[in-house]
Structures are given as C-alpha cells and as structure tokens.
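Q:
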Amino acid sequence: MSLQKLSSGVLRILTPLGPRYLSPSFTQRIYLLWIFRNFSTLPAKVLTRRQTRLIDAICAEHRFVAMPRQDLLVLGTLEQRPAITGELPPRRPTVSVSDGVAFGSNLQQRS
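Quick note: the sequence shown, position 25, residue 31 per our numbering, numbers continuous.
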C-alpha cells in the first residue's frame with residue numbers, strides 16, 4: 007500500500023469550502039508519509055515551521071487534482087479550520103458545589 011502511495015498518493019486539505027486534493031512530487035510524498043506516519047488526519051497547528059513551508063510550497067505549485075477518483079490514495083489529511091473572529095455566546099454561570107449540596111443539610115434526621 008505504501009508503495010502505491012509513493013507513486014500516486016495525494017494530500018487532502020480540509021477547507022471551509024470542502025476538501026481539496028493536491029498531487030505532490032515524489033520527494034514531497036516521502037516527507038508527507040513521514041509527517042502522517044502515526045495519524046491520518048492532523049490539524050495545521052501541530053505542524054512544524056518546516057512542514058508548514060512544505061504544505062505552502064505544494065499549494066503554491068497549484069498541483070490540484072480536479073476530480074478525486076474512487077481509487078485515489080490519500081497520504082494524509084490536513085485540517086485547516088478558520089479562526090473564530092466573532093464573539094462567543096455567553097456562558098452559563100457556574101454553580102458551586104456547596105449550592106448543589108445545600109439541600110441535603112435541610113433534611114431532618116430520624117431518631
């Protein structure tokens with residue numbers, strides 16, 4: 007399987023518009039297999055500077071695969087989620103443990 011990935015594997019990048027597939031060169035495929043050796047999907051935040059430069063170089067070459075085939079071998083999947091730029095909804099106030107246990111102290115003990 008890994009020999010087939012070396013010869014024709016692609017890199018899948020998950021974007022807000024949907025997945026995009028890139029066809030890296032042979033040496034880039036070797037390095038991508040190393041990057042994704044333990045995980046098939048990685049977020050962009052965990053990549054090193056060198057790995058990020060490699061992904062940027064592959065994207066700059068515009069080697070996109072137009073229509074993914076069924077027999078397409080994916081080297082790995084990179085998640086690129088957009089940063090949250092708006093305000094988050096307000097959180098509910100937290101209830102302390104003593105407020106939740108207070109009802110037990112009001113019970114009368116039986117003799």
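Every residue, glycine too, gets a C-beta built ideally from N, C-alpha and C.
Just so it is clear, the structure is predicted and the values come from calculations on it, not from any experiment.
1. Between which two residues does the beta strand (DSSP E) containing residue 21 stretch?
2. Could you check what DSSP says for residue 75 in three-state terms: helix, strand or coil?
3. Does DSSP classify residue 53 as helix, strand or coil?
4. Run the CB neighbour count on residue 30, radius 10 Å, all protein chains shown included, and call it buried at 16 or more, exposed below.
5. Is it right to say residue 23 is buried, meaning 16 or more other beta carbons lie within 10 angstroms of its own, or is it exposed?
A: With the given structure in hand:
1. 16 to 21
2. coil
3. coil
4. buried
5. exposed
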